[in-house]
Amino acid sequence: MSRRGFLQSGAAFFALVPAAFAAPPDTSLRPVLRAEDFFKRAIPDADAIIRGEKLSGQVAFAVADAASGDWLECANEHQGTPPASVTKAVTALYALDTLGASHRFETRLCALGGVIDGVVQGDLVLIGGGDPTLDTDGLAGMATALKEAGVRAVKGGFKVHEAALPLVPEIDPGQPDHVGYNPAVSALALNYNRVHFEWKRGGSGYAVTMDGRTEKYRPAVAMAAMQIKDRRSPVYTYEDRGGQDHWTVAKGALGKGGARWLPVRKPGLYAGDVFATMAGSHGIRLKAPELISSLPVGGDVIANWQSDPLLGILKDMLKYSTNLTAEMVGLAASTKRVGTVADLRASAAEMNAWAQDALGMSDPGLVDHSGLGDSSRLTALDMAKALLRAQQGALRPILKPFNLRDNEGRPIKDGAITVDAKTGTLNFVSTLAGYITVPTGQVMAFAIFAADGDARAKVRPEERERPPGARSWNRRAKRVQQGLIERWAALYGSEQTTQL
Numbered sequence: 001m002s003r004r005g006f007l008q009s010g011a012a013f014f015a016l017v018p019a020a021f022a023a024p025p026d027t028s029l030r031p032v033l034r035a036e037d038f039f040k041r042a043i044p045d046a047d048a049i050i051r052g053e054k055l056s057g058q059v060a061f062a063v064a065d066a067a068s069g070d071w072l073e074c075a076n077e078h079q080g081t082p083p084a085s086v087t088k089a090v091t092a093l094y095a096l097d098t099l100g101a102s103h104r105f106e107t108r109l110c111a112l113g114g115v116i117d118g119v120v121q122g123d124l125v126l127i128g129g130g131d132p133t134l135d136t137d138g139l140a141g142m143a144t145a146l147k148e149a150g151v152r153a154v155k156g157g158f159k160v161h162e163a164a165l166p167l168v169p170e171i172d173p174g175q176p177d178h179v180g181y182n183p184a185v186s187a188l189a190l191n192y193n194r195v196h197f198e199w200k201r202g203g204s205g206y207a208v209t210m211d212g213r214t215e216k217y218r219p220a221v222a223m224a225a226m227q228i229k230d231r232r233s234p235v236y237t238y239e240d241r242g243g244q245d246h247w248t249v250a251k252g253a254l255g256k257g258g259a260r261w262l263p264v265r266k267p268g269l270y271a272g273d274v275f276a277t278m279a280g281s282h283g284i285r286l287k288a289p290e291l292i293s294s295l296p297v298g299g300d301v302i303a304n305w306q307s308d309p310l311l312g313i314l315k316d317m318l319k320y321s322t323n324l325t326a327e328m329v330g331l332a333a334s335t336k337r338v339g340t341v342a343d344l345r346a347s348a349a350e351m352n353a354w355a356q357d358a359l360g361m362s363d364p365g366l367v368d369h370s371g372l373g374d375s376s377r378l379t380a381l382d383m384a385k386a387l388l389r390a391q392q393g394a395l396r397p398i399l400k401p402f403n404l405r406d407n408e409g410r411p412i413k414d415g416a417i418t419v420d421a422k423t424g425t426l427n428f429v430s431t432l433a434g435y436i437t438v439p440t441g442q443v444m445a446f447a448i449f450a451a452d453g454d455a456r457a458k459v460r461p462e463e464r465e466r467p468p469g470a471r472s473w474n475r476r477a478k479r480v481q482q483g484l485i486e487r488w489a490a491l492y493g494s495e496q497t498t499q500l
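Sequential numbering from 1 applies to the sequence shown in the numbering used here.
What follows is the structure, given as structure tokens:
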């Protein structure tokens, strides 16, 4: 469907836009209280809330009445800010509109040359279909299906195709090498493209394992290797050794034992490695996996694995803020819309153009689909406008519900105010956007973007995983977010809404 056709048809995921929504404020809005609103004068204003938490940097926000589209209060709303994982809400809308809520991703196993007396006469090909949720259990199921199809051997090679989406070695090159939330992206993912590294100290040194584990299986992998080095820092180093992700770890950082997930840079080989192990458990011996760039002609699909429907995948993505899921579904949507895209930035550019047409954004500047890249820019006003457009669609039910917290930090569960929103966090960046519902039933759409660019610029590369001061800054930013939500609920969440 063309963009114009989408706008004219009133697509399934968006409400029609009231005329009031088309007139965002030219200048930041501040409430003008009437005489009968005297009691509301005791409510702290936004500046006082921010000063009270001693939050450095800038806070941008925009909030509107969801029913009328009236803008209630805004500040710095035209200022572009890294939206962090709030980006995933935009990606969810993009994927739902393009692929559909019932879309399922499919991973296939194809036999070339036919099967004679249980022997595949040509190659066996594992074909990635863009499923971000495929895990070792899924590959085990495909290996079982291969055996049940009567296959006991493969005469040719074992090929892996991951090129239905572009191969991106890492989502954001500016992140530390070893963080599991920054893996490679392609059309074939396994265990969210993370490999499990575990170590235990014994009498003769450390025992190390690298595997693709789930609760059911722990297949060792050859495509990722770890060496322990007698040093204290850096804790990890990474080297691309052709067909292998080669890691080293500082002995001084290990202690008695532990485990962590490391990112996979070669997802096709990782999936192929694990599948070969699972097939071998059924007596089907495969050659080492070999990547291919184009799909072979012909062949028979003898096993497949389908994901859950997209809507559920997106709900989990928003709940757990899974970067890989966001990038894969975003790339899949762009590929369906325009064909092959070169990389994440090109795919995000297509989503930006879509967001202008479909969500009414003025100037989105996203560089990926997850928000991990800190060169992305989005205004609070644009995000709030998108939420107004999308309020009657599928997004709000899959946003994560939040409770406000009392002075002791405990969730307030007796329900005066409910919030359905997406959070976002980078170093010295904290964002929140979604919907506020007050006891009267009134709903507000809002976006709050806080960022301290100066503090972020001072973070050294070796500090990026846990920079000094970032955690306490983030806690203060979250208290500012709650303070603003409480302010808006008190000011505007009554039957006599304050006029602007």
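Note that the Cβ used here is the ideal one computed from N, Cα and C, for glycine as well.
Collapsing the DSSP output to three states places Leu-55 in coil. Inter-segment contact for the region 322–336 and the region 107–125 is absent: fewer than three beta-carbon pairs are separated by less than 8 Å.
For Arg-377, the secondary structure class from DSSP, reduced to helix, strand or coil, is strand. The alpha carbon of Pro-397 has as its nearest neighbour, out of Leu-93, Ala-279 and Lys-54, the alpha carbon of Leu-93. Contact check for Pro-83 against Arg-377 passes: the beta carbons are separated by less than 9 Å. Of all alpha-carbon atoms in Arg-460, Leu-165, Glu-77 and Ser-294, the one lying nearest the alpha-carbon of Gly-330 is that of Leu-165. In the three-state scheme derived from DSSP, where H, G and I count as helix and E and B as strand, Thr-340 is classed as coil. Nearest to Thr-136 by C-alpha distance, out of Asp-117, Asn-191 and Val-151, is Asn-191.
For Asn-304, the pairing in a beta bridge is given by DSSP as Arg-108. Lys-88 and Gly-283 have their alpha carbons spaced roughly 42 Å apart. Nearest to Asp-172 by alpha-carbon distance, out of His-369, Glu-463, Asp-230 and Ser-204, is His-369. Counting C-beta pairs closer than 8 Å gives three or more between the region 57–77 and the region 441–454, which meets the contact rule. Remark: C-beta atoms of Arg-108 and Val-301 approach each other more closely than 9 Å. Here Pro-309 is not near Tyr-181, since their CB atoms are 9 Å or more apart. Taking each of Met-383, Asn-427 and Pro-439 in turn and checking the Cα distance to Ala-421, the smallest one comes out for Met-383.
Under a 10 Å Cβ-count criterion, Ala-416 is classified as exposed, with fewer than 16 other Cβ atoms of the shown protein chains found around its own Cβ. Met-210 has its alpha-carbon roughly 5 Å from the corresponding atom of Phe-197. Within the same chain, and ignoring the five residues on either side of Gly-141 in sequence, the residues whose Cβ sits closer than 7 Å to its Cβ are Trp-305. Inter-segment contact for the region 259–273 and the region 217–226 is present: three or more beta-carbon pairs are separated by less than 8 Å. Note on geometry: alpha-carbon atoms of Gln-442 and Lys-266 lie some 49 Å from one another. Short of 8 Å from the beta carbon of Tyr-217, and not among the five residues preceding or following it, lie these beta carbons of its own chain, in chain order: Thr-136, Asp-137, Ala-140 and Met-278.
Just so you know, the alpha carbons of Gly-157 and Ala-288 end up roughly 8 Å apart. When Cβ pairs closer than 8 Å are counted between the two stretches, the region 291–298 is seen not to touch the region 314–333, the count staying below three.
Here Phe-275 carries a helix assignment [DSSP, helix/strand/coil].
The DSSP assignment places 224–229, 236–240, 245–250 and 257–263 as complete runs of the beta strand (DSSP E) inside the region 216–282, in order along the chain (cut-off: 3 residues). Excluding its 5 nearest sequence neighbours in each direction, Thr-91 has C-beta neighbours in its own chain below 6 Å: Ala-326, Gly-330 and His-369, listed in chain order.
Around the beta-carbon of Tyr-320, fewer than 16 other beta-carbon atoms lie within 10 Å, marking it exposed.
As the crow flies, the alpha-carbon of Ala-489 is around 11 Å from that of Asp-65.
DSSP, read as helix, strand or coil, puts Tyr-181 in coil.
The residues Ile-171, Asp-172 and Asn-323, in chain order, have a CB closer than 6 Å to that of Leu-372 in the same chain once the five nearest residues on each side in sequence are set aside. Straight-line spacing of the CA atoms in Leu-29 and Ala-163 works out to 49 Å. By alpha-carbon distance to Val-480, the top candidate from Gly-434, Ile-50, Ala-42 and Gly-130 is Ile-50. If you look at Pro-397, you'll find it in the alpha helix (DSSP H) that goes 395–398. Assigned with DSSP and collapsed to three states, Pro-411 falls in strand. Nearest C-alpha to Leu-291 among Phe-61, Ala-187, Ala-250 and Asn-474: Ala-187.
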